[in-house]
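One structure is given here, and the rest of the page talks about it.
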Amino acid sequence: MAGTDEDTVAAEDDALYVLTAVLLTPAKFPSVLGDDYPEACAALGLAPLADGYGLVLGQDGDGSRWTVVVDDVSLVAVAIASWDCGMEYDLSPDERSVVAGLPGWPLAVAVAAPGVPAPHDPEPEAADGPALAPPDTSVWGPAQRRLGADEIALQWATWREQIDDADFPVPEVPEPVESSEKGEEDASRDTPRGHSGIRRVLAEARGYVDSPPPLGRVRSSFAPGDARTLRADGPGWSLVARTDDIAFVLLDDEPGEVLPVGRGPELPGLLEALDKMAVRPS
78 MAGTDEDTVA AEDDALYVLT AVLLTPAKFP SVLGDDYPEA CAALGLAPLA DGYGLVLGQD
138 GDGSRWTVVV DDVSLVAVAI ASWDCGMEYD LSPDERSVVA GLPGWPLAVA VAAPGVPAPH
198 DPEPEAADGP ALAPPDTSVW GPAQRRLGAD EIALQWATWR EQIDDADFPV PEVPEPVESS
258 EKGEEDASRD TPRGHSGIRR VLAEARGYVD SPPPLGRVRS SFAPGDARTL RADGPGWSLV
318 ARTDDIAFVL LDDEPGEVLP VGRGPELPGL LEALDKMAVR PS
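Its first residue numbered 78, the sequence shown is counted upward by one per residue in my numbering.
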């Protein structure tokens with residue numbers, strides 16, 4: 078199953094039993110692989126194509142783990158949408174759409190194909206390189222931090238109801254200050270005890286508006302009403318927010334901590350600006 082030839086999934090005796098699939102596009106990629114789309118692609122040895130890829134994870138007849146990379150993103154998107162709706166869908170990429178067959182799985186998969194040996198990495202002689210493996214999320218680090226932000230985005234209502242807006246400090250009428258200083262002051266009023274880590278995150282996020290970061294660092298997705306869900310990442314930090322509400326920040330330096338950022342006078346404008354420059358699912 079190794080290599081980039083078109084026969085990667087063609088041979089009948091080397092068929093792939095598809096277990097799951099994910100998108101690898103600028104607007105939607107497994108964030109466990111990186112802070113942005115190019116970084117996620119680099120983790121798999123792929124060039125960051127504008128249209129992205131579909132990743133098909135499965136086992137061959139020997140039970141070996143394989144990740145088949147295809148450029149037919151629409152096909153994979155339809156399959157994922159069908160499965161999410163509880164519908165059956167036979168995901169069988171055309172040989173011509175196959176970009177690469179990579180040994181191993183870059184993500185954890187909780188299921189296995191029936192009638193074949195338990196999932197295991199291919200023998201070294203069958204692969205062109207080391208087998209892919211999911212990032213270690215047993216200890217706090219970038220992968221765990223990004224997964225935590227993803228979970229907050231998915232379970233926003235649960236996390237939001239734990240926050241009492243009354244706990245955020247009420248901004249005082251400030252003395253006249255220079256605009257750059259004012260932005261920092263406004264941000265500090267909305268963060269827990271003027272948290273220096275959050276001030277740094279907000280400053281770096283503001284920097285994205287003026288100097289666009291690598292593709293996929295800021296992503297906008299659907300939210301109820303007229304709002305959008307924002308996900309942004311940077312060196313050592315992740316931010317998740319609703320454009321009509323507050324934000325949460327996670328830091329590599331604060332293991333397991335979820336830090337809320339109040340709406341305040343500064344956050345709405347920042348979120349609006351980030352949403353305008355964010356990539357969105359097509």
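Think of the CB as a built atom: it goes at the ideal place given N, C-alpha and C, for glycine as much as any other residue.
- Within the region 96 to 161, the complete alpha helix (DSSP H) segments at least 4 residues long are 114 to 120 and 150 to 161, listed from N- to C-terminus.
- Secondary structure at V216: coil, using DSSP grouped into helix, strand and coil.
- With contact defined as three or more Cβ pairs closer than 8 angstroms, the region 343 to 355 and the region 279 to 297 are in contact.
- Taking all protein chains in view, the Cβ of S315 is crowded by 16 or more other Cβ atoms within 10 Å, so the residue is classified as buried.
- Looking at the DSSP output, W314 sits in a beta bridge with G311 and L328.
- Between Y114 and the set R296, A204 and P211, the nearest pair of CA atoms involves R296.
- Per DSSP, V186 is not a residue of any beta strand (DSSP E), being assigned neither H nor E.
- Counting along the chain, the unbroken alpha helix (DSSP H) around P345 starts and ends at L344 to M354.
- DSSP places R296 inside the beta strand (DSSP E), whose first and last residues are V295 to F299.
- Per DSSP, V335 lies in no alpha helix (DSSP H) and is assigned neither H nor E.
- Classified as buried, P180 has 16 or more neighbouring CB atoms from the shown chains inside 10 Å of its CB.
- Around the Cβ of Q136, a 10 Å sphere holds 16 or more other Cβ atoms; the residue is buried.
- When C-beta atoms of the region 304 to 318 are compared with those of the region 223 to 232, three or more pairs fall below 8 angstroms, so the two segments count as touching.
- Among the bridge pairs identified by DSSP, V175 is matched with V147.
- Contact between R294 and A208 fails: their C-beta atoms lie close to 28 angstroms from each other, not under 8 angstroms.
- Under DSSP, R319 takes part in a beta bridge, and its partners are T306.
- Put simply, of D244, G206 and G311 the residue whose alpha carbon is nearest the alpha carbon of G339 is D244.
- When secondary structure is reduced to three states using DSSP, Y285 falls in the helix class.
- Contact between the region 145 to 161 and the region 180 to 192 is absent: fewer than 3 CB-CB pairs across the two stretches fall below 8 angstroms.
- D241 and Q221 have their C-alpha atoms roughly 26 angstroms apart.
- By the CB criterion at 8 angstroms, P191 and V133 fall outside the cutoff.
- Using a Cβ distance threshold of 8 angstroms, W236 and F299 do not count as a contacting pair.
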